[in-house]
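Structure, as structure tokens:
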Amino acid sequence: MAFIQDPAKFKGVTSIQKDNISNNLLLGVQDFLSWSFLQVGAFQNISRSPAASGSFSDSSSRYRLRMSDDPNYEQGQVWEGFRNDWVWESGFTYNDTKPIHVSGVWVDGYFYGSGDATYSHYVDYPNGRILFDYPVPIRRRVEANFSHRTVGITLASEKFVQELMYDSYDIEDLDSYLISSSGSRNQLGKRRLQLPVVALELSKGGKNQGWAIGGGQIVYNDILFHIFSDNEFEKNNLRDILLNQNEKIIYLINRAMMKENKKYPLQLNRLGYPVKNAKMYPDLISPTGEGGFRYNQARIDKMECTDMPPVNSWLHRSTVRATFSLISSDI
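Numbering follows my numbering, with no gaps: position 69 of the sequence shown is 257.
Written out as structure tokens, the structure reads:
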């Protein structure tokens, strides 16, 4: 018997504030990719210790921070790394290597923890920078150990203008790099994208189908994965990684339930620093009985790819289209 519906009310909607299927899917896929790329080594440790920096140990420039001209702070308060999107997640290793969490900074060769009143500061992980409570003179040498992502995951619908950075690892000209607001880094961290990057765009899929007698539907949505890279081989590798996920099933996060939690936010605070006992992605998709916020399953039913010719001989592009199916018993 079919459920009797109220003709004066929406079907499948309980609150205008509640995240719908589309948003849960889009953000859930972003969370999945951000975590999963880290599990296969998509991060690089930058350290004053050659043993920790690996192939980058021959360069003393990469752990050197430079002053950033952020109009929201006094000059000398903000010092940024050569790449943003620092890794804040923990609880995993790749080839016995863990990402480095920022424990403090070096100023003119002396180490200061975040709680040291001499140079008190906090870490803004997404923007890859250190924010001091009081300005640090530009003549100071500021350094930090950190890990940055080597594959950026973002939404294609970001409202602010973002700059795709070509050759972001090239900082051989240290003098030019240290000049604030110079070169390709003249955008603030939140307005920069360093290659390679995968940008997600939601696109409505095929027609919904009935799921069971009495209610429920199978909802289809497409997500476009726009891949941008500064070399062909990296683009090909990212494309193949995504195509390999055909028929993959992932769990989404119930964002409405998560936002109602009294400890929300559960990962980063408004300053970009991990909250105490921050939940990792596996924690968030755990069942509610285990402290998680598991939503519906989403299955990748079909994937196809379109390559595009490079732009200006260096920007290599590819778009992977994935069709997701999700069973909703509420509509």
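All residues carry an ideal CB built from backbone N, CA and C; glycine is no exception.
Subject >> Identity of the residues DSSP links to Trp274 by a beta bridge >> reply: As a working mapping, residue 274 is identified with position 86 in the sequence shown. Answer is His336, bridged to Trp274.
Original post:
How is Phe225 classed by DSSP in three states: helix, strand or coil?
Top reply: Within the sequence shown, numbered from 1, the residue matching residue 225 stands at position 37. Three-state result, Phe225: helix.
Original post:
His336 and Asp273 look like a contact to me (Cβ under 8 Å); what is the Cβ gap, rounded to whole Å?
Top reply: What you label residue 336 is simply residue 148 of the sequence shown in a count that begins at 1. What you label residue 273 is simply residue 85 of the sequence shown in a count that begins at 1. The pair is a contact, with the Cβ atoms about 6 Å apart (cut-off 8 Å).
Subject >> Assigned exposure category for Leu390 - 16 Cβ within 10 Å defines buried >> reply: Taking the first residue of the sequence shown as 1, we reach residue 390 at position 202. Under this definition Leu390 is a buried residue.
Original post:
Nearest to Ile406 by alpha carbon, out of Thr511, Ala344 and Tyr322?
Top reply: The residue labelled residue 406 in the question sits at position 218 within the sequence shown. Taking only the C-alpha atoms, the option nearest Ile406 is Thr511.
Original post:
Along the chain, which unbroken stretches of the beta strand (DSSP E) at least 3 residues long are found entirely within the region 268–322?
Top reply: 292–295, 298–301, 309–312 and 317–320
Subject >> Close-in-space but distant-in-sequence residues of the same chain around Asn409 (CB under 7 Å, 5 per side omitted) >> reply: In the sequence shown, residue 409 corresponds to position 221, counting from 1. Within the same chain, Asn409 has close Cβ partners Ser210, Leu213, Leu390, Lys392, Gly393 and Phe512.
Original post:
Whose C-alpha, out of Ala387, Gly479, Asp312 and Asn484, is nearest the C-alpha of Val508?
Top reply: Taking the sequence shown and counting its residues from 1, the one referred to as residue 508 is at position 320. The candidate whose alpha carbon is nearest that of Val508 is Ala387.
Subject >> Chain-order list of residues whose beta-carbon lies under 7 Å from that of Val142 (same chain, five-residue window excluded) >> reply: Outside the displayed span of the chain (189 to 519) sits residue 142, for which this structure offers no information.
Original post:
Just reading off the alpha helix (DSSP H) that Met446 is part of, what are its end residues?
Top reply: Here the question's residue 446 lines up with position 258 in the sequence shown. Per DSSP, Met446 belongs to the alpha helix (DSSP H) from Arg443 to Glu448.
Subject >> Per-residue burial, Gln162 [other beta carbons within 10 Å of its own, 16 or more giving buried] >> reply: Outside the modelled stretch of the chain, which goes from 189 to 519, sits residue 162, for which no answer is possible.
**OP:** Return yes when the Cβ of Val339 is within less than 8 Å of the Cβ of Phe225, no when it is not.
**Re:** Locating residue 225 in the sequence shown gives position 37, where the first residue counts as 1. Locating residue 339 in the sequence shown gives position 151, where the first residue counts as 1. Result yes, Cβ atoms of Phe225 and Val339 sit closer than 8 Å.
Subject >> For Gly404, the three-state DSSP class (helix, strand or coil) >> reply: Numbered from 1 along the sequence shown, position 216 holds the residue referred to as residue 404. Here Gly404 sits in strand by DSSP.
**OP:** Note down the Cα distance separating Ser249 from Gly303, rounded to an integer number of angstroms.
**Re:** Residue 249 sits at position 61 when you count from the first residue of the sequence shown. Residue 303 sits at position 115 when you count from the first residue of the sequence shown. Those two C-alpha atoms are separated by around 26 Å.
Original post:
Is the shortest distance between the beta-carbon of Tyr251 and the beta-carbons of chain D less than 8 Å?
Top reply: Looking for chain D here will not work: only one protein chain is present.
Original post:
Considering only residues of the same chain and omitting the five flanking positions on each side of Asp296, which have a CB-CB separation below 8 Å?
Top reply: In the sequence shown, residue 296 corresponds to position 108, counting from 1. The residues are Arg328 and Arg329.
Subject >> Three-state secondary structure (DSSP) of Lys197 >> reply: Reading the sequence shown from its first residue, position 9 is the one you call residue 197. Lys197: coil per DSSP, three-state reduction.
Original post:
Hey, quick one: how far does the beta strand (DSSP E) through Asp489 stretch, first residue to last?
Top reply: Against the sequence shown, residue 489 aligns to sequence position 301. Where Asp489 is concerned, the enclosing beta strand (DSSP E) stretches over Arg482 to Val499.
Subject >> Where Ser506 falls, given that 16 or more other Cβ within 10 Å makes a residue buried >> reply: Working through the sequence shown from its first residue, we reach residue 506 at position 318. By the neighbour-count rule (16 or more Cβ atoms within 10 Å), Ser506 is buried.
Original post:
At which residues does the alpha helix (DSSP H) containing Lys423 begin and terminate?
Top reply: Taking the first residue of the sequence shown as 1, we reach residue 423 at position 235. That run of the alpha helix (DSSP H) goes Glu420 to Leu431.
Original post:
Terminal residues of the continuous beta strand (DSSP E) containing Leu390?
Top reply: Here the question's residue 390 lines up with position 202 in the sequence shown. Counting along the chain, the beta strand (DSSP E) containing Leu390 begins and ends at Val385 to Lys392.
Subject >> 8 Å contact criterion, which Pro384 and Phe416 should meet: CB distance rounded >> reply: For the purposes of this step, residue 384 is taken as the residue at position 196 of the sequence shown. For the purposes of this step, residue 416 is taken as the residue at position 228 of the sequence shown. 6 Å between Cβ atoms; contact.
**OP:** Kindly identify the DSSP beta-bridge partner or partners of Tyr469.
**Re:** Residue 469 sits at position 281 when you count from the first residue of the sequence shown. According to DSSP, Tyr469 bridges with nothing at all.
Original post:
Val217: which of Thr342, Pro497 and Asn500 sits nearest, CA to CA?
Top reply: Position 29 of the sequence shown, counted from the first residue, corresponds to residue 217. When each option's Cα is compared against that of Val217, the closest is Thr342.
Subject >> Supposed contact pair Gly404 and Tyr516 - C-beta distance, whole angstroms, cut 8 Å >> reply: Within the sequence shown, the letter at position 328 stands for residue 516. Within the sequence shown, the letter at position 216 stands for residue 404. One point to set straight first is that residue 516 is Ser, not Tyr, in the sequence displayed. Rounded, the Cβ-Cβ distance is 6 Å, consistent with contact.
**OP:** Tell whether a beta-carbon distance below 8 Å holds between Ser474 and Arg482.
**Re:** Against the sequence shown, residue 474 aligns to sequence position 286. Against the sequence shown, residue 482 aligns to sequence position 294. In this structure, Arg482 lies closer than 8 Å to Ser474 by Cβ.
Original post:
Since Trp276 and Pro462 are thought to touch, with beta carbons under 8 Å apart, how far apart are those beta carbons, to the nearest angstrom?
Top reply: Working through the sequence shown from its first residue, we reach residue 276 at position 88. Working through the sequence shown from its first residue, we reach residue 462 at position 274. Yes, they are in contact, since the Cβ atoms of Trp276 and Pro462 sit about 5 Å apart, within 8 Å.
Subject >> Rounded C-alpha distance that separates Pro259 from Gln265 >> reply: Residue numbering aside, residue 259 sits at position 71 when the sequence shown is read from its first letter. Residue numbering aside, residue 265 sits at position 77 when the sequence shown is read from its first letter. In a straight line, the C-alpha of Pro259 is about 11 Å away from that of Gln265.
Subject >> Rounded C-alpha distance that separates Leu459 from Val228 >> reply: To locate residue 459, count along the sequence shown from 1; it is residue 271. To locate residue 228, count along the sequence shown from 1; it is residue 40. Approximately 28 Å between the Cα atoms of the pair.
Original post:
Where does the unbroken beta strand (DSSP E) through Gln232 begin, and where does it stop?
Top reply: Numbered from its first residue, the sequence shown carries residue 232 at position 44. Run containing Gln232: Phe231 to Ile234, per the beta strand (DSSP E) assignment.
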